[in-house]
Amino acid sequence: MKFKLFFLLLLLAFGITAQEQVMPRDFVYVKEVIPDIVLEIRYAGENNFTGKPVNGYNKPVAILNKPTAKALAAVQEDLMEEGYCLKIFDAYRPQRAVNSFIAWSREPGDTIAKQDFYPNLQKKNLFNLGYIATKSGHSRGSTVDLTIIDAHTHKEMDMGGTYDFFGKISHHNTEDISKKQKANRAFLKRLMMKNGFRPYAEEWWHYTLRNEPYPNSYFDFPVE
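Take the sequence shown: its letters are residues -18 to -1, 1 to 206, numbered as in mature numbering (1 follows the signal peptide of the UniProt record, and there is no 0).
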């Protein structure tokens, strides 16, 4: 009896694992919904705080659940009317990527990207300070990291700080940026909130759909 129970649990475990490898039907590639959006998926390459491609990012594509992609399309429409466009740095993030961040934080000697992303912080403190989470809204497919660019030149709007920089200058309430830079952040924030997103106080680029469809789920299918 115990063996049968163990076997059933083993099958269930393998079934869950197999299911996690496949993108759910109500998730979409953002480019299919917003063809003119620009992607710079940082975790698929080396230009990120780990200094190397992150586990689970097999291709530089952006994936979101359908309601989030639809809301983001409305933001893009608003921007295009004024000659601007969205650029995405990160969208859906598999749980295995989050797990790799946790493993990375426990390797004190691995600081290849420290100067560019966390020059004034110890990597072991990045979770406690709220810059990295052990469970990320990105893994629910409702969170996106982005900025605004000129629709013609693709030049990024000056936000007074770079993407994924871990420090107070990335906070929405920082006083260490110019009035113009504050206005640019406020412009992005206003459009995102208008279309159903909520901001994250410590990262000017980070937004989550307010009425997200999977508030308690964390998916692990790869980005590919």
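In this text, a Cβ means the ideal position worked out from N, Cα and C, and glycines have one as well. Quick caveat, the model's predicted, so the values are computed rather than measured.
Quick one: complete beta strand (DSSP E) runs, 3+ long, within the segment 162 to 186?
Runs found: 179 to 182.
Enumerate, from N- to C-terminal direction, the unbroken beta strand (DSSP E) stretches of 3 or more residues contained entirely within the segment 21 to 103.
Correct list: 45 to 47 and 66 to 72.
Cβ atoms of A73 and I45: under 7 Å apart, would you say?
Cβ distance < 7 Å, so I45 and A73 count as in contact.
Closest by C-alpha distance to F148, when choosing among P6, G119, R122 and W186
Answer by Cα proximity: W186.
Measuring only the C-alpha atoms, how far is L111 from V126?
Take the alpha-carbon of L111 and the one of V126: they are about 20 Å apart.
Continuous beta strand (DSSP E) stretch holding V4: start and end
It is not in any beta strand (DSSP E) - V4 carries neither H nor E in the DSSP assignment.
Using a Cβ cut-off of 7 Å (strictly closer), state whether L21 contacts chain B.
Judged by its chain identifiers, the structure shown contains no chain B, having just a single protein chain.
F203, DSSP secondary structure in three states
F203 falls in the coil class under three-state DSSP.
If I'm right that P17 touches E28 with Cβ under 8 Å, what's the distance once you round it to whole angstroms?
About 27 Å separates the beta carbons of P17 and E28, which is beyond the 8 Å limit, so they are not a contact pair.
Once the 5 residues before and after P6 are set aside, which same chain residues still bring their CB inside 6 Å of it?
Within the same chain, P6 has no close Cβ partners at all.
Burial state of E194, where buried means 16 or more other Cβ atoms lie within 10 Å
E194 comes out buried.
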